[in-house]
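A.B. asks: Numbering (the numbering used here), first residue to last: 1133 to 1644.
Think of the CB as a built atom: it goes at the ideal place given N, C-alpha and C, for glycine as much as any other residue.
Source: prediction; values computed, not measured.
Before we start, here is the structure in question, set down as structure tokens.
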């Protein structure tokens, strides 16, 4: 499979570059800037992109690739810091700019027939984020475009197919940036448009079959998007050799256990091992109010339950997880030291070392939106593929204070109403998360002719792109009114509903 290789120099936008290439239906991978030439050659790239980064090329300890990267023979595109590396390695000169250039700028194209710039307006908006700039061109290069503060905004050496951009084409604030990236991967690197979910399914199914052979695979199924798509893909490849283990920890949403069993056991005919451990979890959580203790208890209990379940599932060689690409990409720290930060696997993290499984991670080269596309390709229902994130500890982090069967019942009923109204109104798929939080607060109310002293529920609805930051959603008043009226009228134990209007930061999305 032809691919573009991105060398990461610590830019906050490196993953965005990869997303734009994937959107052009071309496969790409991100590797640390100090990846050896041998390892890069093993990837057999048809093009290389040098990402941006926060360093200065002339600073002590600045991250630099092997100089031989320019002799591989495939096209190279340097973005921002990547352009400055081109100048530094190939005989140009980079200096600190008199005026730092951040934010919107204007690009004036001097060479309209440039293969990299074809299809752009002669004057187009760009997004800058740099302090240094190239002041002397390397031999063999010419200027293709300029900006207000950079006489070398786009440089190129056409015979060697080496190009540099002093701005960021990958971000949304460079409206025609996708055209530049498409020109590079299609016109200059000669890539087709073969990166599709159908092709990915075919290739992955064969890859899974080749690796697994006649052995068995176990997968911890949560009912979330990632584990559901992983289960569907592996099942398509090896059928009954896959056993999914679904643990009911007693902290699930209303009807969740039945929905998961109906979908995977009855509709997809998968081997699903259902572990109802609700009593065990609730017994361990009895009397516990500290949120961190709740999480630790739930995590440790899950590991014990899952470990016993794997023994009952039979002799399996592989443990499958729905790990995604952002979870395994090696990240370059801001100080420019060698890449050393790898996110831990998040689905069945912290499993005991004595559980001797080989990991099978069929989604590890996909971004979240691609996983959703894959889910649809595999025939998973829309409501599963586009369901909102749900925390691993479940409703435990949405009940402030002690967790009891009664409080779980109250929150489940209220949460079900919130989701029903969000879906009926069309708002559910427009937001990141929407849920209820049961507060350890009781207040006076009047229902009918009786005085009540019941619980308070907070409604939390946020919009976000990745969960790292979030803003509260301004839902229509009539929708909030319906939620509040239904919750107070239908859920015994709640007489007051509030709305959480906090953003992240300073607040978090979940309350615990």
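Go ahead and pull the three-state DSSP assignment for residue 1422.
C.D. replies: Coil, per DSSP.
A.B. asks: Consult DSSP for residue 1239 and reduce its assignment to one of helix, strand or coil.
C.D. replies: Strand, per DSSP.
A.B. asks: Figure out for me which residue from 1586, 1571, 1572 has the closest Cα to the Cα of residue 1578.
C.D. replies: Answer by Cα proximity: 1586.
A.B. asks: My understanding is that residue 1254 touches residue 1275, with C-beta atoms under 8 Å, so please give their C-beta distance in whole angstroms.
C.D. replies: Contact doesn't hold; Cβ gap of about 15 Å is too wide.
A.B. asks: Count the C-beta pairs between the region 1598-1608 and the region 1539-1548 that are closer than 8 Å, then say yes if the count reaches three, no if not.
C.D. replies: Result no; under three Cβ-Cβ pairs closer than 8 Å.
A.B. asks: Return the first residue and the last residue of the alpha helix (DSSP H) that residue 1315 is part of.
C.D. replies: No alpha helix (DSSP H) holds residue 1315; DSSP gives it neither H nor E.
A.B. asks: Across which residues does DSSP place residue 1277 in a beta bridge pair?
C.D. replies: Its beta-bridge partners are 1241, 1286.
A.B. asks: Report the rounded CA-to-CA distance for residue 1259 versus residue 1282, giving the unit in angstroms.
C.D. replies: So the alpha carbons of these two residues sit roughly 13 Å apart.
A.B. asks: Taking the CB atoms as reference points, tell me whether residue 1165 and residue 1195 lie closer together than 7 Å.
C.D. replies: Yes, they are a contact pair.
A.B. asks: If you reduce the DSSP assignment to three classes, tell me which class residue 1226 lands in.
C.D. replies: Note: residue 1226 maps to strand in three-state DSSP.
A.B. asks: Applying the criterion that 16 or more other CB atoms from any shown protein chain within 10 Å of the CB defines a buried residue, is residue 1150 buried or exposed?
C.D. replies: Buried.
A.B. asks: With distances taken from CA atoms, which of 1267, 1168, 1261 is nearest residue 1235?
C.D. replies: When each option's Cα is compared against that of residue 1235, the closest is 1261.
A.B. asks: Please state whether DSSP places residue 1333 in a helix, a strand or coil.
C.D. replies: DSSP places residue 1333 in helix when its eight states are reduced to three.
A.B. asks: Between the region 1360-1369 and the region 1338-1351, do at least 3 Cβ pairs fall closer than 8 Å?
C.D. replies: Verdict: yes, contact present.
A.B. asks: Over what stretch of residues does the alpha helix (DSSP H) that includes residue 1537 continue unbroken?
C.D. replies: Run containing residue 1537: 1537-1557, per the alpha helix (DSSP H) assignment.
A.B. asks: Using a 10 Å radius around the Cβ and a threshold of 16 neighbouring Cβ atoms, would you call residue 1220 buried or exposed?
C.D. replies: Under this definition residue 1220 is a buried residue.
A.B. asks: Taking Cβ positions, are residue 1279 and residue 1239 nearer each other than 7 Å?
C.D. replies: Yes. Within cutoff.
A.B. asks: Mind checking which residues open and close the alpha helix (DSSP H) that includes residue 1575?
C.D. replies: Note, residue 1575: premise wrong, no alpha helix (DSSP H); beta strand (DSSP E) at 1565-1579.
A.B. asks: Assuming residue 1563 and residue 1529 are in contact, meaning their beta carbons sit under 8 Å apart, how far apart are those beta carbons, in whole angstroms?
C.D. replies: Contact flag wrong, Cβ pair sits at about 19 Å.
A.B. asks: In whole angstroms, what separates the C-alpha of residue 1139 from that of residue 1316?
C.D. replies: So the alpha carbons of these two residues sit roughly 16 Å apart.
A.B. asks: Which parts of the region 1501-1528 are runs of the alpha helix (DSSP H), unbroken and 4 residues or longer, counting only runs that do not cross its ends?
C.D. replies: The region 1501-1528 contains these whole alpha helix (DSSP H) runs: 1514-1517.
A.B. asks: In terms of residue numbering, what span does the beta strand (DSSP E) encompassing residue 1447 cover?
C.D. replies: Careful: residue 1447 lies outside any beta strand (DSSP E) and carries neither H nor E.
A.B. asks: Could you tell me which uninterrupted alpha helix (DSSP H) segments, each at least 4 residues in length, are contained entirely in the region 1600-1637, listed from first to last along the chain?
C.D. replies: Qualifying alpha helix (DSSP H) stretches, in chain order: 1609-1622.
A.B. asks: Looking at residue 1416: is its Cβ nearer than 7 Å to the Cβ of residue 1435?
C.D. replies: For residue 1416 and residue 1435, no; Cβs fall outside 7 Å.
A.B. asks: Determine which residues share a DSSP beta bridge with residue 1161 and list them.
C.D. replies: Answer is 1137, bridged to residue 1161.
A.B. asks: With distances taken Cα to Cα, identify the nearest neighbour of residue 1403 among 1371, 1425, 1431, 1277.
C.D. replies: Per the Cα distances, 1371.
A.B. asks: Given this structure, state the Cα-to-Cα distance separating residue 1502 from residue 1183, to the nearest angstrom.
C.D. replies: Taking the straight line from one Cα to the other gives about 22 Å.
A.B. asks: Which value, in whole angstroms, describes the spacing of the CA atoms of residue 1475 and residue 1575?
C.D. replies: Note on residue 1475: pLDDT 32, under 50, position unreliable in the model; no value is reported.
A.B. asks: Locate the alpha helix (DSSP H) running through residue 1588, then write down its first and last residues.
C.D. replies: Premise fails: residue 1588 lies in the beta strand (DSSP E), 1582-1595, not in any alpha helix (DSSP H).
A.B. asks: Going by DSSP, what residues sit across from residue 1209 in a beta bridge?
C.D. replies: Per DSSP, 1181, 1295.
A.B. asks: Note down, in chain order, each residue of its chain lying with its Cβ closer than 6 Å to the Cβ of residue 1380, except the 5 sequence neighbours on either side.
C.D. replies: Excluding residues within five positions, the ones whose Cβ falls inside 6 Å are 1389, 1408, 1410.
A.B. asks: Among 1609, 1137, 1369, which residue has its Cα nearest to the Cα of residue 1167?
C.D. replies: The option with the nearest alpha carbon to residue 1167 is 1137.
A.B. asks: Is the CB-CB distance between residue 1358 and residue 1454 below 7 Å?
C.D. replies: Going by C-beta atoms, residue 1358 is nearer than 7 Å to residue 1454.
A.B. asks: Would you grab the beta carbon distance between residue 1226 and residue 1395 for me? Rounded to a whole angstrom, and I think it's under 8 Å.
C.D. replies: Actually they are not in contact, since the Cβ atoms of residue 1226 and residue 1395 sit about 56 Å apart, beyond 8 Å.
A.B. asks: Determine the DSSP secondary structure at residue 1347, reduced to helix, strand or coil.
C.D. replies: Reduced to three states, the DSSP call for residue 1347 is coil.
A.B. asks: Do you know whose CA, among 1526, 1448, 1613, lies nearest residue 1491's CA?
C.D. replies: Per the Cα distances, 1448.
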